[in-house]
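Residue numbers (my numbering), protein chains in the order written: chain A, 60 to 280; chain B, 60 to 280.
Ideal placement from N, C-alpha and C gives every residue a C-beta, glycine not left out.
None of these values were measured; they are calculated from a predicted model.
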DNA sequence: GTCTATATGCGGATAGAC
DNA sequence: GTCTATCCGCATATAGAC
């Protein structure tokens, strides 16, 4: 069946892109792993780049829909003061990890793909990738700025970046961290709550107005 | 002069690796940009992979030395209670950004290279890269666990990962964030202090023991 | 140390039979 | 939709003259 071939290609591509990277993976690797013919990729997807886009879309769309759905729920159920910081952060952070569990083995490597993509700084790529996040960022920026009113716009932008960074890094590395330190193993739920705790506290923190010169001098020297 | 050629290659490679990625960059791109002969790369470095290692080493060694030096200073100047959390975090976070300033234009893209490298999950690559960090992590783990004694080992490991993630993401994206939102522009010092505030608060946060079931249910639905 | 020329292989993509 | 065979360019790396 056609859609079976398509899905096998998507699964194999996801695996390889996550483990070794986009440019480092050849279509021959993918089709071999998927047990399909080499020409099938171009027949079904058109090009290697389009295949990457399809790999991302398949998982990212449900993840981002879920984020917005959670935020909608929070906003419709909270009073005039709006949802709490922690709730908003959880709405943003948890969907990738929840979905990963839901998808089981084949979805497991997707978080690594996402982690890689977050580090991609190629200009054209950014344009395409970021435009998918436009709405998401607007909604969450608005919600967060209500929850943390003492932050200016610039500070909020930066702290959201810090939050995304901690999440992206966790997505790509969680498997290896666990391998290095077995005591550090956490379930998806524990990972989410740890991350939510960390990011919420970071977002809420008051910026010290100035660093005492004496202290600074001593440290820097 | 030989070392001039070598440095021009390193500069050009750094630029390309940062802008487009390792696999996406060809030696032809690099040598053309550096105005040196194609064969010079293999003469001076041996291989493309060895060139990447050289690009990383040139900047990473001073950065990590500086981190350890700052930590040494803090520990020798603090009493029995050890340095404060914020000071330790700053000792870890600030050196890449300080060095970036020091190095000016040619060092500018290096942070993007570093950001990419942090997202690299290839197994062999990790072994090599992580082994360079072994000592660094041991030292900072020990210092942090004194400063945040209420955290268990597992929690501390995870939160250090969150800290590294926010830092790595900031390194690779700071330029673009500024482009998207000019009000968000920060000097290196301001970036450092923002990041330090965020990570310190995140590390210090108390983990809520349990999430009220009612709240959780409402959110998840 | 620097250059030209080239070995050698792998890459994405496609034409065209079935 | 699936397959084989092939086009064609670009990749890293090196041999060998200067």
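Query	Result
Buried or exposed by the 16-neighbour rule on C-beta atoms within 10 Å, applied to residue 267 of chain B	exposed
Residue 111 of chain A classed as buried or exposed, judged by whether at least 16 other C-beta atoms fall within 10 angstroms	buried
Residue span of the alpha helix (DSSP H) that contains residue 202 of chain B, given as start and end	193-206
Start and end residues, alpha helix (DSSP H) containing residue 152 of chain B	144-167
Range covered by the alpha helix (DSSP H) that runs through residue 184 of chain B	182-190
Buried or exposed by the 16-neighbour rule on C-beta atoms within 10 Å, applied to residue 75 of chain A	buried
Residue 280 of chain A versus residue 141 of chain A: straight-line alpha-carbon distance, rounded	Per-residue confidence for residue 280 of chain A stands at a pLDDT of 42, beneath the threshold of 50, marking its modelled position as unreliable; no derived number is given.
CA-to-CA distance, residue 256 of chain B to residue 84 of chain A, given in whole angstroms	39 Å
Under 8 Å (Cβ pairs) to chain B, residues found in the stretch 196-215 of chain A	212, 213, 214
Residue 94 of chain B at chain A interface by Cβ criterion, 8 Å	no
Beta carbon proximity, residue 78 of chain A to chain B, threshold 8 Å	yes
Helix, strand or coil at residue 64 of chain B [DSSP, three-state]	helix
Among A/145, A/156, A/104, the one whose alpha carbon lies nearest that of residue 247 of chain A	A/156
Pick from A/64, A/210, A/235 that is closest to residue 182 of chain B, judged by C-alpha positions	A/235
Burial state of residue 214 of chain B (16 or more Cβ within 10 Å)	buried
Closer than 8 Å to chain A by CB, residue 137 of chain B	no
For residue 123 of chain B and residue 250 of chain A, the rounded distance between their alpha carbons	28 Å
Given 8 Å, three or more beta-carbon pairs between the stretch 67-81 of chain B and the stretch 111-121 of chain B	yes
Alpha helix (DSSP H) segment containing residue 124 of chain A, residue limits	107-136
CB contact below 8 Å: residue 121 of chain A versus chain B	no
DSSP-derived helix/strand/coil call for residue 41 of chain A	For chain A, the structure presents residues 60 to 280; residue 41 of chain A sits outside this window and is missing.
Status (buried if at least 16 other CB within 10 Å, exposed otherwise) for residue 242 of chain A	exposed
Within chain B, partners of residue 35 of chain A - CB distance below 9 Å	No answer is possible for residue 35 of chain A: the residues shown for chain A start at 60 and end at 280.
Chain-ordered chain A contacts of residue 240 of chain B [CB-CB under 9 Å]	212, 213, 216
Contact set between residue 267 of chain B and chain A, taken where Cβ atoms lie within less than 8 Å	252, 256
Beta-carbon spacing of residue 226 of chain A, residue 152 of chain A below 8 Å	yes
Below-8 Å beta-carbon distance, residue 177 of chain A vs any chain B residue	yes
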